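Here the structure comes first, spelled out in structure tokens, and everything after it is commentary.
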Amino acid sequence: MNEVVEVSGMGEVEVRPQQACLTLLLTTRKQTLEQCRTSLEKRRPYVYQTLYQNQAVKEDLLVSEEEVRVEDNGGLIELVVRVTARLPAHAARPVTNTLVEKLSDTLTLENLVFGYSHASLSEARVVAGRRAALEARQRAEGMAEAVGGKLGPCLALREDSCSHTDMTGHNWVMGMPEELHTHATNVVRCNVKATFSLLSYGVPKTKRI
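Below is the structure:
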């Protein structure tokens with residue numbers, strides 16, 4: 016019977032989102048509907064241009080139908096236009112800050128969502144698994160050295176579990192603007208168990224960590 020060392024290992028990888036989808040609200044209040052539309056039409060070109068300059072996908076730009084609301088106070092008419100755009104994740108924060116700062120009187124950020132691709136999560140799982148296997152081997156080498164032995168080849172390696180902080184996987188991860196830095200990063204964590212042969216003298220025994 017050969018001596019063996021049974022160990023566990025854990026590896027982590029942070030995955031940054033690749034895409035972002037933001038929804039902006041353009042709002043104005045005037046005496047008439049025509050005045051509202053004229054006011055917003057002056058601002059739309061700047062909004063679209065800024066989005067395109069930050070790599071927004073033109074084909075994915077969505078502009079919802081106008082929502083007209085009549086306020087009781089003063090009889091003002093409020094016109095709201097919703098603009099939704101998809102762009103690279105790294106550009107989401109800068110473009111949002113620019114638009115909100117420039118058009119603070121008429122533009123607000125309704126929501127901002129980040130997304131991950133299947134490929135990025137699959138690749139992260141592979142890397143996390145490799146890191147977990149490396150940690151397992153390092154722990155096994157430490158055990159072998161502690162008993163004056165020499166670590167042999169890996170006899171068995173299996174994935175015990177693999178999880179990530181966003182349990183919906185590739186779906187959109189949503190959060191309020193002030194929470195984006197907390198929730199945008201996805202952590203893939205992999206746990207493995209490994210068995211190595213232990214080349215040493217003495218009575219065969221199994222050591223665990």
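As numbered in the working numbering, residues 16 to 224 make up the sequence shown, in order.
Glycine included, every Cβ here is placed at the ideal spot set by N, Cα and C.
As the structure is a prediction and not an experimental result, all values here were calculated from the model.
Best match in E174, R59 and V30 for proximity to N206 [C-alpha to C-alpha]: For the set E174, R59 and V30, the Cα lying nearest the Cα of N206 is the one of E174.
Using the Cβ count rule (16 or more neighbours within 10 Å means buried), how would you classify P109? With fewer than 16 neighbouring CB atoms inside 10 Å of its own CB, P109 falls in the exposed class.
Can you list, in chain order, the residues of its chain whose CB lies under 7 angstroms from that of V142, leaving out five sequence neighbours each side? V28
V207 - DSSP class collapsed to helix/strand/coil: strand
Does H179 pass the burial test, meaning 16 or more other C-beta atoms within 10 Å, or should it be called exposed? buried
V62 versus M25, V96 and R152, residue with shortest Cα-Cα distance: V96
Do V78 and L136 count as a contact pair if the criterion is CB distance below 8 angstroms? no
With N112 as the anchor, note down where its alpha helix (DSSP H) starts and where it stops. The continuous alpha helix (DSSP H) containing N112 extends over residues A104 to K117.
How would you call N171, buried or exposed, if buried means at least 16 neighbouring beta carbons within 10 angstroms? Residue 171 is actually Ala in this sequence, not Asn. So A171 ends up on the exposed side.
Look at L48 and V98 and say whether their C-beta atoms are less than 8 angstroms apart. no
Length of the line joining the Cα atoms of G26 and E138: 13 angstroms
Can you give me the start and stop residues for the beta strand (DSSP E) that V30 sits inside? V19 to V30
Span separating the alpha-carbon of N201 from that of S176: Their backbone Cα atoms lie some 16 angstroms apart in a straight line.
What's the gap between the Cα of C51 and the Cα of Q64? 21 angstroms
Taking the alpha-carbon of A134 as reference, which of A155, L91 and R31 has the nearest alpha-carbon? Closest by alpha carbon: R31.
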